[in-house]
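Accompanying notes for the structure given below.
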Amino acid sequence: MSGSDAHRTIETVWRMEAPRLIAGLARLTRDVGRAEELAQEALVAALKQWPEEGVPRNPAAWLMQVAKHRAADAARHEIMARRKQDEIGRDIDNERPAMPDIDEALDDEVGDDLLRLIFTACHPVLPKEARIALTLRLLGGLTTDEIARAFLVPEPTMAQRIVRAKKTLSEAKVPYEVPAGAELGARLASVLEVVYLIFNEGYSATTGEDWVRPGLCEEALRLGRILAARAPDEPEVHGLVALMELQASRLRARVGSDGEPILLLDQNRARWDRLLIGRGLAALELAQRLAGAAPGPYLLQAALAACHARARTADETDWKRIVALYTVLVRVTPSPIVELNRAVAVSMAEGPEAGLALVEALAGEPALKRYHLLPGVRGDLLAKLGRHREAAEAFEAAVALTQNARERALMQERAVKERAAGC
Amino acid sequence: MRFMVMVKATQDSEAGAPPTQELLDAMMAYNEELVKAGIMKGGDGLQPSSKGARVQFDGTKRSVVDGPFAETKELVAGYWLWECASLDEAIAWVKRCPNPMPGPSEIEIRPLFELADFGEIVTPETAAQWDRLKAEAGGQG
Amino acid sequence: MRVMVLVKASKDSEAGVMPDPDVFAKMGVYNEELIKAGILLAAEGLHPTSKGLRMRFSGSERTITDGPFAETKELLAGFWLWQVKSFDEAVEWLKRAPFDGNTEIELRPVFEMEEFGEMVSPERRERKEHLRAEFEKRTG
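The structure is reproduced here in structure tokens:
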């Protein structure tokens, strides 16, 4: 193997093993920052030794062994240093550092370290953006620069965010464990939230000019699938995976040849990825079986996405089922935006008059006051009812509210059309 | 019944020659028909073998050989996964396919294994593994 | 990126001989590892070519030839589809597969941006390829 080939292979293997390596080391050292450093030291050692010795049969074990010895060496040095202080007569009893139990750690594979790492990186003691950054770093193996570019933030800012996150975790003495019992629900929700935020960051990158951002969808899917394999009895985990698979199935249909966004009902369904749809429907089925009579929000959103995925053409969409699902979703996660989406579905299932009634009922909602889709939807329904002047006014109101240039252009176009029709 | 439908490579596909707009349009229309018929379960184009590699297994040894590979007409250039009522239905659909290549070409149809086909070698453990695999990756059990 | 992993046929697979139960079990464990890594998209086994056929397209002619087919080493017996960060990663995963001797497995990256239908200007395509290559270089 040539020098550069060997390096590429070693780095590839290391990248494959890094999350589990860090996860195991974090259990040993009780510090994710230290764990990451040790993992990097193991990489350096591998780059030195493997070109000559070849890649070991069990690279994970080799890397872990090296990292653990480094950890033990460092701990021993620390103890020696303190013993020297001892000789000067200091009482160090309560300052003795925790000596990692190498023997215990070598044999002890209690539970899933990777799962522990995921829960730790997503701990609610950290602000949301820190959880995202730490997850992408420790579990995704993205560099600080890549994470910074993914979230449109300067690199030094992101570096600081990650450093602070690690510090917060160690200062808060967050226990390195998979939460259980009453705690599990909320902690799992935090993990799922992080994964879905990563997915949406990638999903909303419509132009794909920078490959890091669409790559986030793949990363989120991978994390979701890893989670599903390790927490197979959790319906919302499968629900989230189903939702992401189904949404990702539409990625190639969402953007036109000029980079302009294409609405779901207008998309060319031949461009929808059938493999991902199959996977999404399978995950949904599993989630539904596990959830029984108590569907959670991700499962419900996945079921909604599935209604579209199953429709071979836009006309075949089962709007009645979509309305029914939204009715449940509104109960499970009450929100004016969900109500608005339900109103749209009602208009498709029962006609624009019925939908409009629901939209008018939302007129006073403070949360929707600056939401451009409220007048936007209203305008669309009024247009369908032939009330052109009112429709034009609604679209003009939407134009005033929307931040996005393309959406503004779309609304403007419709306003002009309705003005003309109203004459 | 599920099938893999493979488009074999040609010198054109191996050379990375892009398809004509005409062929692209025809293929798009064909794919739409497959989707509307509900038989389309997946499909991809494979990059030329110059972008690929082969791994040889010999005991514990692994050797990697980079592409391109010579036996063009045996290489796969693209595939679909279909779910049809029968092999005859799959054949009928292949007949309707526009020629996927500029010159003469070949499409191969192969039925996929289901768990029942493995018969006696299946243990409760491997059956559970299979179920998990299918729950994960979709497709029938 | 997606990589297709093509498992070639053997005399046994073509003869419909079932895999050794031990190997079948090891393969099950391997597939579970791929699932746990979050990279497995699809995995399928193909019936021997005796159950399949080929259709030749030439002009407007369509000619069917029933299997079996002779060139065993070049026939397909199964495949995986993996979602990986780089082609190298796929190669490393494949090296861990429990195949015994005398097997050759082919890996091919899949066309991502275009399928049978999207026409992208050569400049735009080139730029996307360049960006993607950069990304993959950095993420390994």
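Chains as they are written, first to last, in numbering that gives the first Met the number 0: chain Z, 0 to 422; chain A, 0 to 140; chain W, 0 to 139.
Heads up, the beta-carbon is just placed ideally off N, CA and C, and yes, glycines get one too.
Computed from a predicted structure; not experimentally measured.
Residue i versus residue j: straight-line alpha-carbon distance, rounded
i       : j       : result
R212(Z) : S85(A)  : 42 Å
M410(Z) : Y370(Z) : 13 Å
D43(A)  : E13(A)  : 15 Å
L74(W)  : V63(A)  : 19 Å
A247(Z) : E77(Z)  : 50 Å
I90(A)  : E113(A) : 20 Å
Q266(Z) : Q300(Z) : 19 Å
E94(Z)  : I197(Z) : Low confidence applies here, because E94(Z) scores a pLDDT of 47, under 50, leaving its location unreliable and the question unanswered by this model.
L135(Z) : D65(W)  : 51 Å
P110(A) : T48(W)  : 9 Å
G23(Z)  : M63(Z)  : 8 Å
I261(Z) : R418(Z) : 24 Å
F68(A)  : K72(W)  : 13 Å
E284(Z) : H307(Z) : 16 Å
M3(W)   : P50(Z)  : 28 Å
A69(W)  : K72(A)  : 13 Å
R61(A)  : S49(A)  : 20 Å
Q128(A) : V28(W)  : 8 Å
S334(Z) : A25(Z)  : 39 Å
A126(A) : G385(Z) : 60 Å
A149(Z) : R33(Z)  : 25 Å
T122(A) : A96(W)  : 21 Å
I120(A) : L33(W)  : 22 Å
L93(W)  : A348(Z) : 50 Å
Residue-level contact to chain W via CB, residue i, 7 Å cutoff
i       : result
R330(Z) : no
Q10(A)  : no
I225(Z) : yes
A136(A) : yes
T11(Z)  : yes
E82(A)  : no
A228(Z) : yes
M39(A)  : no
V141(A) : Any property of residue 141(A) remains undetermined from this structure, which presents chain A solely from 0 to 140.
E113(A) : no
E107(A) : yes
T206(Z) : With a pLDDT of 43 at T206(Z), under the threshold of 50, the modelled position of that residue is not reliable, and the figure given next carries that caveat. T206(Z) does not count as touching chain W.
R7(Z)   : yes
R148(Z) : no
R249(Z) : no
R309(Z) : no
Cutoff 7 Å: residue i Cβ touching any chain Z Cβ
i       : result
L5(W)   : no
A16(A)  : no
M0(A)   : no
A52(A)  : no
I104(W) : no
V121(A) : no
V6(A)   : no
E113(W) : With a pLDDT of 48 at E113(W), under the threshold of 50, the modelled position of this residue cannot be trusted, and the question is left open.
K60(A)  : no
D87(W)  : yes
Residues that residue i contacts on chain B, provided the C-beta gap is smaller than 8 Å
i      : result
V75(A) : No chain B appears in the structure shown, which is made up of the protein chains Z, A and W.
is_contact[residue i, chain A] using C-beta, thresh 7 Å
i       : result
G44(W)  : yes
V83(W)  : no
V109(W) : yes
E73(W)  : yes
R407(Z) : no
A24(W)  : yes
Distance cut-off 6 Å: residue i Cβ against heavy atoms of the ligand FAD
i       : result
A360(Z) : Because no ligand of any kind appears in the structure shown, any question about the ligand FAD cannot be addressed here.
Supposed close pair residue i, residue j - CB separation, criterion 8 Å
i       : j       : result
L361(Z) : L339(Z) : 6 Å
V376(Z) : V398(Z) : Their Cβ separation, rounded to whole angstroms, is 14 Å, which puts V376(Z) and V398(Z) out of contact at 8 Å.
C83(A)  : M3(A)   : Wrong, their Cβ atoms sit about 12 Å apart, outside the cutoff.
### Query
Does the stretch 219 to 238 of chain Z come within contact of the stretch 288 to 296 of chain Z, defined as at least 3 CB pairs closer than 8 Å?
Counting Cβ pairs under 8 Å, three or more are found: they touch.
### Task
Could I get the ranges of all uninterrupted alpha helix (DSSP H) runs contained in the stretch 225 to 258 of chain Z, with 4 residues as the minimum, in chain order?
With a minimum length of 4 residues, the continuous alpha helix (DSSP H) runs that stay inside the stretch 225 to 258 of chain Z are 234 to 247.
### Query
Would the stretch 299 to 315 of chain Z and the stretch 25 to 42 of chain A be scored as touching if the rule is three or more Cβ pairs under 8 Å?
Enough Cβ pairs lie closer than 8 Å, so yes.
### Query
In chain order, which continuous runs of the alpha helix (DSSP H) of length 4 or greater are located wholly inside the stretch 321 to 356 of chain Z?
Runs of the alpha helix (DSSP H) inside the stretch 321 to 356 of chain Z: 335 to 349.
### Query
Taking three-plus beta-carbon pairs below 8 Å as touching, is the stretch 53 to 67 of chain Z in contact with the stretch 15 to 29 of chain Z?
Yes: at least three Cβ pairs fall under 8 Å.
### Query
Which runs of the alpha helix (DSSP H) fall wholly inside the stretch 71 to 120 of chain W and span at least 4 residues, in chain order?
Entirely contained in the stretch 71 to 120 of chain W, the alpha helix (DSSP H) runs reaching 4 residues are, in chain order, 86 to 94.
### Task
Run through the stretch 60 to 134 of chain A for me and flag every whole beta strand (DSSP E) of 3 or more residues, listed as ranges in chain order.
Listed in chain order, the beta strand (DSSP E) runs fully inside the stretch 60 to 134 of chain A are 60 to 65, 75 to 82, 104 to 110, counting runs of at least 3 residues.
### Query
Can at least three beta-carbon pairs, one atom from the stretch 53 to 63 of chain W and one from the stretch 7 to 17 of chain W, be found at a separation below 8 Å?
Here the stretch 53 to 63 of chain W makes no contact with the stretch 7 to 17 of chain W; the two share fewer than three CB pairs at distances below 8 Å.
### Task
Count the CB pairs spanning the stretch 22 to 36 of chain W and the stretch 265 to 280 of chain Z that are closer than 8 Å, and state whether there are at least three.
A contact between stretches requires three or more CB pairs, one per stretch, nearer than 8 Å, and the stretch 22 to 36 of chain W fails this requirement with the stretch 265 to 280 of chain Z.
### Meets three-Cβ-pair contact criterion under 8 Å: the stretch 111 to 128 of chain Z and the stretch 167 to 178 of chain Z
Remark: three or more beta-carbon pairs, one from each stretch, lie closer than 8 Å, so the stretch 111 to 128 of chain Z and the stretch 167 to 178 of chain Z are flagged as touching.
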